[in-house]
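Note sheet for the following structure.
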Amino acid sequence: MESFLNNLSNKKIILASNSPRRQELLRGLEVEFEVKVNPVDEKIPSDMKPEYVAAYLSKKKADAYPDELAENEILITSDTVVIENNHVLGKPNNKDEAFDMLKSLSGSTHTVMTAVTFKDHTRQFTLEDETHVTFNFLEEEEIWHYINVYQPFDKAGAYGIQEWIGFIGVTKMEGSYFNVMGFPLHLIYRELKKWS
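Numbering of the sequence shown is given in this note's numbering, commencing with residue 116 and proceeding in unit increments.
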């Protein structure tokens with residue numbers, strides 16, 4: 116398929132993410148890429164402010180490729196966090212954690228922050244985007260249904276806006292929908308379009 120991003124015809128894009136959502140979204144930009152994920156310790160400093168966490172982790176993922184990029188390669192890494200009441204909600208480890216997260220998001224507004232890091236053999240920089248999402252009040256039975264059927268253990272904040280819980284729960288959103296999915300495509304497209 117011929118891409119509108121023809122400036123990338125001599126570039127090799129590497130997406131450092133196992134997320135099927137990020138892979139699907141990047142394909143939506145008509146970009147050919149390969150997936151290569153190096154292991155990263157995703158621990159964050161205990162005193163780090165929540166608004167810095169996504170960028171910190173995205174950069175840390177890029178740093179896992181110190182000397183591996185060829186001249187024609189562009190690495191893309193990313194991280195998404197949900198911030199609620201000045202706390203970062205990561206990926207739940209079990210059903211009870213998922214329930215507690217969704218219960219805390221019910222009837223309130225939270226922030227989703229995604230950072231995307233671009234790296235080639237000479238430069239590295241990070242972009243960030245944020246979206247404010249308001250949830251309706253969720254009944255406990257609705258929360259448990261979502262957890263049991265959709266198993267949201269690979270999602271920050273224990274939910275995917277593109278799934279059932281987003282359909283019934285989200286009443287308002289300020290910012291990019293795709294940012295909430297984990298990849299602010301408008302920013303990624305803009306950067307790739309001007310890459311030389």
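We put the CB at the ideal spot given by N, CA and C, even for glycine. Every value quoted in this text rests on a predicted model; they were computed, and no experiment measured them.
Per-residue DSSP class, three states only, for residue i
i	result
Val-155	coil
Met-163	coil
Ala-131	coil
Ile-191	strand
Glu-254	coil
Val-295	helix
Leu-307	helix
Asp-182	coil
Selected residue, minimal CA-CA separation from residue i, among the options
i	options	result
Met-228	Thr-237, Ser-193 and Val-146	Ser-193
Thr-237	Thr-249, Asp-182 and Gln-266	Asp-182
Ile-303	Arg-137, Asn-133 and Asn-125	Arg-137
Tyr-180	Pro-160, Asn-153 and Glu-199	Asn-153
Asn-209	Lys-270, Lys-158 and Thr-226	Lys-270
His-202	Leu-190, Asp-211, Thr-224 and Ile-191	Thr-224
Lys-234	Leu-141, Val-146 and Glu-306	Glu-306
Lys-175	Ile-198, Ser-132, Asp-211 and Phe-148	Ser-132
His-247	Ile-198, Val-150, Lys-309 and Glu-145	Ile-198
Lys-151	Leu-300, Ile-191 and Val-295	Ile-191
Lys-308	Glu-145, Ile-129, Leu-130 and Glu-139	Glu-145
Thr-286	Asp-211, Pro-207, Leu-253 and Ala-177	Leu-253
Pro-207	Pro-267, Asn-121 and Gly-275	Pro-267
Buried or exposed (CB count within 10 angstroms, at least 16 for buried), residue i
i	result
Asp-156	exposed
Ala-185	exposed
Pro-135	exposed
Pro-160	exposed
Glu-289	exposed
Phe-298	buried
Phe-293	buried
Cβ shell of residue i (< 6 angstroms), same chain only, five flanking positions each side left out
i	result
Lys-127	Asn-187 and Glu-188
Ala-230	Ala-169, Ala-170, Ser-173, Asp-194, Thr-241 and Glu-243
Tyr-265	Glu-278
Residues of its chain near residue i, where Cβ-Cβ distance is below 7 angstroms and the 5 sequence neighbours each way are ignored
i	result
Ser-291	Asp-244, Thr-246, Pro-299 and His-301
Leu-130	Arg-137, Gln-138, Leu-141, Phe-148, Val-150 and Ile-191
Contacts around residue i, its chain only, beta-carbon distance under 8 angstroms, and the 5 residues preceding and following it disregarded
i	result
Asn-125	Asn-187
Is the region 158 to 171 in contact with the region 213 to 222, if contact means three or more CB pairs nearer than 8 angstroms?
-> no
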